[in-house]
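**Q**
Protein chains: 2
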Amino acid sequence: MQVKDYQIRAQIAKALAHPSRLLILDALQEHELCVCELTKLVGSDQSTVSKHLALLKNAGLIEDHKQGNNIYYRLLCPCISKFFTCLEEVVHQKIQKYQEAGKSASESACKCLRNSI
Amino acid sequence: MQVKDYQIRAQIAKALAHPSRLLILDALQEHELCVCELTKLVGSDQSTVSKHLALLKNAGLIEDHKQGNNIYYRLLCPCISKFFTCLEEVVHQKIQKYQEAGKSASESACKCLRNSI
DNA sequence: TGGCTATATGGTAAAATAGCCATATAACCA
DNA sequence: TGGTTATATGGCTATTTTACCATATAGCCA
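Structure follows, in structure tokens:
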């Protein structure tokens, strides 16, 4: 693979690398939602959510369509669920590793959390 | 899912969101490699590569073991290949979309690249 | 038309990230 | 022991990302 390819792939990965955007993608797995619904869900400023959506769209992960006064977003890439599964596996493995080291699962989750903040 | 869970998952996704780190993970799919080998491969400063590795390790994606004077890193999570497949699908879909819009694949690849830089 | 609602965009400040240099640490070898 | 190699870490700067506010745009409805 070429350097260029890794850059393209990194852009997509970057789009996945924010809690609010993961929440949005997760919600969109069920059915499409408009910006105002997603804004309520995420709990950030409407402009912030709008920018998250623009970023996801730009990465090719979602698409939008207008319906009256609203703009609805829907998942474009069904493989997202595979990605979530992958994340699950890592998290699970991480917790297991800490347990093996004699620590509790909650401790390890806390560590993950601290690192991610 | 809880907000906390999305934060943990975002940390893992963030670890994947850099061309050099994707290159490293890809290389480690074959077999384990020491830091000096990875440094040559990536072409950045040794300290930079070391920090990328620390980040990947912290995310739970790789682990290290010492052997003599070298430290070898190996992939901890075989599901990484699934993630790469997921990225492939998005990239492919993106290119297809541009082609449908009457543009060439190279144009779309360039656009991805520009956006990712 | 005027006002209301939904969404996107520009500006800006704060925080996070990336990269390099210098340096610390640890293992090996002569 | 002293020198060399491999790796990690602290410090610093430049860049990127994020979030909010203010505002622009567009569609709807009375």
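Top to bottom, those sequences are chains X and U. Numbering-wise, the working numbering puts 42 at position 42 of the first sequence, and it's gapless, one number per residue. Position in the second sequence (first residue = 1) + 1000 = the working numbering. All C-beta atoms in this analysis are idealised placements derived from N, C-alpha and C, irrespective of residue type, glycine included.
1. With a threshold of 6 angstroms on Cβ separation, who are the neighbours of U/Gln1046 within its own chain once the five nearest residues in sequence on each side are excluded?
2. CA-CA distance, U/Gly1060 and X/Val3?
3. Which whole-angstrom value is the C-beta distance of U/Cys1034 and U/Tyr1072, which I expect to be below 8 angstroms?
4. On the three-state DSSP scale, how would you describe U/His1031?
5. Quick check: the stretch 47 to 59 of chain X against the stretch 80 to 88 of chain X, are at least 3 beta-carbon pairs closer than 8 angstroms?
6. Quick check on this structure: which residue in U/Cys1036, U/Gln1099 and U/Leu1041 has the alpha carbon closest to the alpha carbon of U/Leu1022?
7. Could you tell me which of X/Pro19, X/Val90 and X/Leu25 sits nearest to U/Asn1058, measuring between CA atoms?
8. Could you name the residues of the same chain whose beta carbon sits closer than 7 angstroms to that of X/Leu28, not counting the 5 residues immediately before and after it, in chain order?
9. What are the boundary residues of the beta strand (DSSP E) that U/Asp1005 is part of?
10. Under the three-state reduction of DSSP, which class applies to U/Leu1061: helix, strand or coil?
11. Please state the DSSP three-state secondary structure of U/Lys1097.
12. For U/Pro1078, count neighbouring Cβ atoms within 10 angstroms of its own Cβ and tell me buried if that reaches 16, exposed if not.
13. Between which two residues does the beta strand (DSSP E) holding U/Leu1076 run?
14. Quick one: Cα of X/Ser81 to Cα of X/Gly43, how far?
**A** According to the structure data:
1. Stepping through the second sequence from its first residue, residue 1046 of chain U is reached at position 46. Only Thr1039 meet the Cβ criterion.
2. Within the second sequence, the letter at position 60 stands for residue 1060 of chain U. Within the first sequence, the letter at position 3 stands for residue 3 of chain X. Whole-angstrom Cα-Cα distance: 24 angstroms.
3. To locate residue 1034 of chain U, count along the second sequence from 1; it is residue 34. To locate residue 1072 of chain U, count along the second sequence from 1; it is residue 72. The Cβ separation is near 5 angstroms, so the contact holds.
4. In the second sequence, residue 1031 of chain U corresponds to position 31, counting from 1. Three-state result, U/His1031: coil.
5. no
6. The residue you call residue 1022 of chain U lines up with position 22 of the second sequence. Looking at the Cα atoms, U/Leu1041 is the closest of the given residues.
7. Walking along the second sequence from the start, residue 1058 of chain U turns up at place 58. Minimum Cα distance to U/Asn1058 is reached at X/Val90.
8. Position 28 of the first sequence, counted from the first residue, corresponds to residue 28 of chain X. If we look at X/Leu28 and ignore the five residues flanking it on each side, its Cβ neighbours are Ile62, Tyr73, Arg74 and Leu75.
9. By one-based count along the second sequence, residue 1005 of chain U stands at place 5. Per DSSP, U/Asp1005 belongs to no beta strand (DSSP E); it is in the alpha helix (DSSP H), Val1003 to Ala1015.
10. As a first step, residue 1061 of chain U is located in the second sequence; it is residue number 61 there, counting from the start. Coil at U/Leu1061, not helix or strand.
11. Here residue 1097 of chain U is taken as the residue at index 97 of the second sequence, counted from 1. If DSSP states are grouped into helix, strand and coil, U/Lys1097 belongs with the helices.
12. Taking the second sequence and counting its residues from 1, one reaches residue 1078 of chain U at position 78. Exposed: under 16 other Cβ atoms inside 10 Å.
13. Numbered from 1 along the second sequence, position 76 holds the residue referred to as residue 1076 of chain U. Here U/Leu1076 belongs to no beta strand (DSSP E), and DSSP marks it neither H nor E.
14. Locating residue 81 of chain X in the first sequence gives position 81, where the first residue counts as 1. Locating residue 43 of chain X in the first sequence gives position 43, where the first residue counts as 1. Distance between the alpha carbons of X/Ser81 and X/Gly43 is about 23 angstroms.
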